[in-house]
Amino acid sequence: MIVSFQCPYCGVGCGLLWEEGRVRGDKNHPATRGDLCKKPIYYPKVMNKGRLTKPLYRENKKESFKEIDWDTAYYILKQKLGILQKEELYFYISGQLMTEDIYVINKFVKGFLKTNNIDANSRLCMATPASPYKLAFGSDGPPCTYEDLDDADVFVFAGSNAAWTHPVVFKRVLKRKHESKLVVIDPIKTDTAKEADLHIQLRAGTDTALFNAVLFLLHEKGWVNWDFVKNYVDGFEVAFEECKKYPPKVVSKICQIEEKHIYELAELYAFSRKLISLWCQGLNQSSQGINKNIALINLHLATGRLNERGCPFSLTGQPNAMGGREMGYMSNGLPGYRDVRNQEDREFMERFWGVSRGSIKATPGPTITEAIDLILAEKIKLLWVVCTNPAITLPNLDKVWKALEKVFLVVQDAYWNDTCSFANLILPAAQMGEKKGIMTASDRTITFNNSLAKPPGGAKADWLIFTELANHLGYGKHFSYKSEEEIFDELKQCTKGRLCDISSFTYRDLPKRWGKRWLYEELEFPTQSGKARMFATPYDYQEADLILITGRTKNQWHTMTRTGKSEELLKGEEEPFLFINKEDAHEFGLVEGDMVEIFSKDTSLRMKVKFGEVKRKHLFAAFGYGFSHQAVINTLTNDLTDPISKQPELKFTNVKLKTVNRRISLHGVEK
Ligand code: SF4
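When we follow the working numbering, the leftmost residue of the sequence shown carries the number 20, and every step to the right adds one.
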C-alpha cells in the first residue's frame with residue numbers, strides 16, 4: 020500500500036509517499052515535486068520509539084504517575100473545568116497538529132468554554148510575519164508560491180539559514196545559481212551564506228536600519244517605482260520620512276558592514292528582473308520583529324516588486340503553521356482569517372458554531388509568555404499543552420519552570436517530552452500516519468495526510484480527545500464528528516468567500532493550492548483603501564557585551580523529541596555546543612572543546628565551545644537540547660517581546676562569558 024502525506028517537520032511542506040516502511044518524495048506533489056531532505060527518511064524508524072500509550076495521572080507532582088483509563092481522564096478534566104473559572108484555563112497548541120485538530124480545539128475553547136485563553140507555538144515562530152503581511156497587504160496569505168523561485172534572478176535571504184532549516188527550498192534556489200544572484204543577510208556565515216554572491220554579515224538585530232538605508236538610497240537615486248507607488252501603495256511618505264534618518268554612511272556603522280554593500284543591495288532591488296526576499300526567524304524572533312518585516316516589505320512596495328517582478332516570501336517554521344493561521348489558532352484569531360476583535364467575524368462564527376451571541380469574547384487572550392506571568396500570579400490555574408514542548412522552547416526558562424511547577428498541567432503528546440516531567444495529567448496522542456487530516460505548506464498548498472497504522476495502545480487523535488471531552492461536558496450535539504472528513508467538511512464551509520476559501524476542496528482533490536498563483540494578481544488588496552500599505556519603521560539600538568543568537572541544528576527538528584531518536588540524524592549533533600568566532604576565542608584563551616560559562620540575567624550555563632564563522636562578539640547555540648543534555652539554552656534568553664506581535668526575542672541576548680578552569684577572561688566577568 021502506498022500512503023501519501025506531508026512531511027511532519029518544516030513548513031516547506033514536502034509531499035511524501037510511504038511504501039513498505041520507506042519514505043520517499045512524491046513526484047506528483049505540485050509544490051515540491053518529489054524533493055525531500057534527510058529528516059523524514061528516518062520517520063518510520065523513530066515513529067514507535069518512546070511513545071505514550073496510556074493516560075497517566077498524579078494530583079501531586081511529588082508523586083509518581085499512575086496509569087488511568089480514558090474515562091477517568093475525562094472525569095478529572097470535567098471536574099477541573101467545572102471548578103475553575105474560564106479565565107483560569109489556558110491552552111497552548113501547535114503548528115504540528117493537523118488543521119482538523121486545530122479547528123476542533125479552537126471551536127471547543129473559543130466557542131464553548133467561551134475564552135480566548137489559547138495560543139499556539141507559532142507565537143515563537145510566525146506571529147511576527149503574520150502581522151506585517153496583514154498590515155501591508157490586508158491578509159496573512161503569502162503573496163507568491165514556490166514556482167516564483169524558478170524564474171527569479173535575485174534571491175535575498177534575510178535571517179534565514181535555509182540550507183539547514185528549509186533545505187528543499189534552498190536546493191531549488193541553488194538549482195538556479197548560475198543564472199541568479201544570491202544575497203544573504205546574517206551575522207553568521209551559515210551554510211546558506213557560504214553559497215552567497217554577497218554575504219552582508221551585519222550586527223545582530225540591525226536589519227531594520229539596513230532596509231531603511233536601502234529605501235533611503237532608492238529615493239535618493241531616483242529608483243523608486245513611482246507609477247506603482249502612486250497606483251497601488253499608501254504610506255510611502257510616512258515610511259520615507261523615517262528613512263531620512265538612515266543614510267548609508269551612518270547605517271554602515273550601526274550594522275558594522277561595508278557601505279558599498281548597502282548600495283549593491285539597493286541596486287538589486289531597483290534593477291533586477293525578479294527579486295524574491297525570503298526570511299525567517301532572524302527577522303521574526305525579535306523584539307523589533309514587526310519593524311524588521313515591514314522594512315523589508317517596504318522595499319518591495321517602493322520598487323513594485325510583486326507578482327512577475329518578485330515577492331516578499333516569509334518561510335514558515337512548522338509544517339502546519341499556515342493551516343493554524345487559516346483556522347485562527349492564536350489568541351486573537353478565528354477560522355477563515357477572522358479576528359475576535361471584529362464584531363462581524365465573531366457573530367459569523369457564533370452562528371456557524373451554534374452558540375449564543377456574545378459567546379466569543381472580543382478581547383484577544385494573553386499570549387503564552389503573558390500566560391506564564393498569569394500562572395505565577397495565580398490567575399491561570401490549568402494549562403493544557405498539546406503537541407509542543409514549552410519546558411525547552413519558551414524563553415526565560417527559570418521563570419517558565421516555576422510556572423509549570425505551580426499550575427495544574429495537562430500534556431497531550433505522542434511522545435514523552437521534557438514538559439511531561441511537570442505534568443499532572445498526560446494524554447497519549449496519535450501522530451502523522453496514525454490519523455488523517457490536512458496541512459498547509461508555506462506556499463498555501465494543502466496536502467491530505469492519509470493514515471497507515473492505528474495509534475499505539477490507547478493513544479488517540481487530538482481532535483478525538485477534544486470531541487470525547489466535549490461529549491462528557493454536554494456539548495455532544497456540536498461535536499458529533501465520526502471522522503476527520505466530517506470535521507473537514509465543516510471547517511471548509513467557514514472559509515467560503517474568504518481569501519483562504521477552500522469550501523470547494525475535497526480530500527480527493529488534494530494536494531492543491533488555495534488562491535491564485537499570485538494572491539494579489541490584480542494588485543487589489545483586502546485593505547480599506549484597496550491599496551497595499553507602507554509604514555515607518557524606526558530602529559532601536561540594542562547594547563550588548565556579547566550577543567547570543569539561538570537557532571536550529573541541521574538535522575534535528577525542534578526539541579529532538581522525535582528526530583533525536585534516530586542515530587543517523589543525531590550523528591555529529593549529539594552534544595550541545597556554543598559557536599564562537601576564532602578571534603574572540605583567542606582573546607578568551609579558548610581552544611575548541613573548552614568549557615565556558617555563559618552569564619545572562621542572574622543565571623549561567625556551562626557549554627563546550629566550537630569555532631564557528633559567527634561575527635565577532637556574537638555567539639550561537641542550538642535551542643533544541645533538553646534536560647538530558649544539561650545545557651538548556653533558553654534559561655539564558657529573556658521574555659522580552661515585540662510590542663505588536665508579542666513574539667519573544669530569541670536572536671539577541673546580552674551575555675558574558677567566563678572560561679572554566681582557565682584564567683583568562685576579557686569581558687567583564689571575574690577571573
Ligand atoms: Fe520535511 Fe522540510 Fe525536509 Fe521538506 S525540507 S522534507 S518539509 S524537513
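For each residue, glycine too, the CB sits at the ideal point set by N, CA and C.
Inset, instruction - Along the alpha helix (DSSP H) that carries Gln98, what are the first and last residues, could you check? - result: Trp89 to Ile102
Inset, instruction - Return yes when at least one heavy atom of the ligand SF4 lies under 8 Å from the C-beta of Lys58, else no. - result: yes
Legend entry - Beta-bridge pairing of Ala640 - partner residues as DSSP gives them: Thr569 and Leu597
Legend entry - From Cys406, Thr466 and Arg222, residue whose alpha carbon lies closest to that of Lys455: Thr466
Inset, instruction - Decide if Thr147 is buried, meaning its Cβ has at least 16 other Cβ atoms within 10 Å, or exposed. - result: buried
Inset, instruction - Taking 8 Å as the threshold, find out whether the region 592-612 comes into contact with the region 523-536 through three or more Cβ pairs. - result: no
Inset, instruction - Check whether the Cβ of Leu302 lies closer than 8 Å to any heavy atom of the ligand SF4, and answer yes or no. - result: no
Legend entry - The alpha helix (DSSP H) enclosing Tyr282, as first and last residue numbers: Glu278 to Phe290
Inset, instruction - Taking only the alpha-carbon atoms, compute the straight-line gap between Leu217 and Trp576 and give it to the nearest angstrom. - result: 29 Å
Legend entry - Straight-line gap, Trp245 to His238 (C-alpha atoms, nearest Å): 10 Å
Legend entry - Distance CB(Gly223)-CB(Leu297) smaller than 9 Å: According to the sequence shown, residue 223 is Ala rather than Gly. No, they are not a contact pair.
Legend entry - Segment contact, 8 Å Cβ cut-off, at least three pairs: the region 414-421 with the region 658-674: yes
Inset, instruction - Please report how far the alpha carbon of Val202 lies from the alpha carbon of Tyr288, in whole angstroms. - result: 11 Å
Inset, instruction - For Ser647, count neighbouring Cβ atoms within 10 angstroms of its own Cβ and tell me buried if that reaches 16, exposed if not. - result: exposed
Legend entry - Met20 to Glu594 span [Cα, whole Å]: 38 Å
Inset, instruction - Could you tell me how far apart the beta carbons of Asn468 and Met66 are, in whole angstroms, since I believe they sit closer than 8 Å? - result: With 8 Å as the limit, Asn468 and Met66 do not qualify as a contact, their Cβ atoms being about 14 Å apart.
Inset, instruction - Give me the Cα-Cα distance between Lys690 and Lys677, rounded to the nearest whole angstrom. - result: With a pLDDT of only 35 at Lys690, under the threshold of 50, the placement of this residue in the model should not be trusted; the figure read from the coordinates follows. Each residue's alpha carbon lies about 7 Å from the other.
Legend entry - Endpoints, beta strand (DSSP E) assigned at Gln672: Looking at the sequence shown, residue 672 is not Gln but Thr. First-last of the beta strand (DSSP E) with Thr672: Thr672 to Thr678.
Inset, instruction - Can you check DSSP and say which residues form a bridge with Leu201? - result: Phe174
Legend entry - Cut-off 8 Å between Cβ atoms - residues of its own chain near Val674, not counting five sequence neighbours on either side: Ala563, Asp564, Leu565, Ile566, Leu567, Ile617, Phe618, Ser619, Leu638 and Leu655
Legend entry - Limits of the unbroken beta strand (DSSP E) element including Thr622: Thr622 to Phe630
Legend entry - DSSP three-state assignment for Trp37, whether helix, strand or coil: strand
Inset, instruction - With DSSP collapsed to three states, give me the class of Glu389. - result: helix
Inset, instruction - Specify, as a first and last residue, the run of the alpha helix (DSSP H) that Ala258 falls within. - result: Phe255 to Cys262
Inset, instruction - Check whether the Cβ atoms of Asn125 and Gly384 sit closer than 9 Å, and answer yes or no. - result: no
Inset, instruction - Examine the ligand SF4 and report whether any of its heavy atoms sits within less than 8 Å of the Cβ of Thr51. - result: yes
Inset, instruction - Buried or exposed for His197, please, with buried defined as at least 16 other CB atoms from any protein chain shown within 10 angstroms of its CB. - result: exposed
Legend entry - Distance CB(Thr701)-CB(Asp462) smaller than 9 Å: Limits of the chain in this structure are 20 at one end and 690 at the other, which puts residue 701 out of reach.
Inset, instruction - May I have the straight-line CA-CA distance separating Cys29 from Arg52, to the nearest angstrom? - result: 16 Å
Inset, instruction - Could you tell me whether the Cβ atoms of Leu538 and Leu518 are closer together than 9 Å? - result: yes
Inset, instruction - Tell me whether His185 counts as near the ligand SF4, meaning its Cβ is closer than 8 Å to at least one heavy atom of that ligand. - result: yes
Inset, instruction - Quick one: residues in its chain with C-beta nearer than 7 Å to the C-beta of Ala177, no 5 flanking neighbours on either side, listed in chain order? - result: Ile204, Asp226, Ser296, Trp298, Gly301, Leu302 and Leu315
Legend entry - Between the CA atoms of Glu606 and Phe255 - distance to the nearest angstrom: 46 Å
Inset, instruction - Please indicate yes or no: does the CB of Pro338 lie closer than 8 Å to some heavy atom of the ligand SF4? - result: yes
Legend entry - Any non-hydrogen atom of the ligand SF4 within 8 Å of Gly476 CB: no
Legend entry - Ranges of the beta strand (DSSP E) found wholly within the region 401-486, counting only runs of at least 3: 401-405, 427-432, 444-447, 456-459 and 464-468
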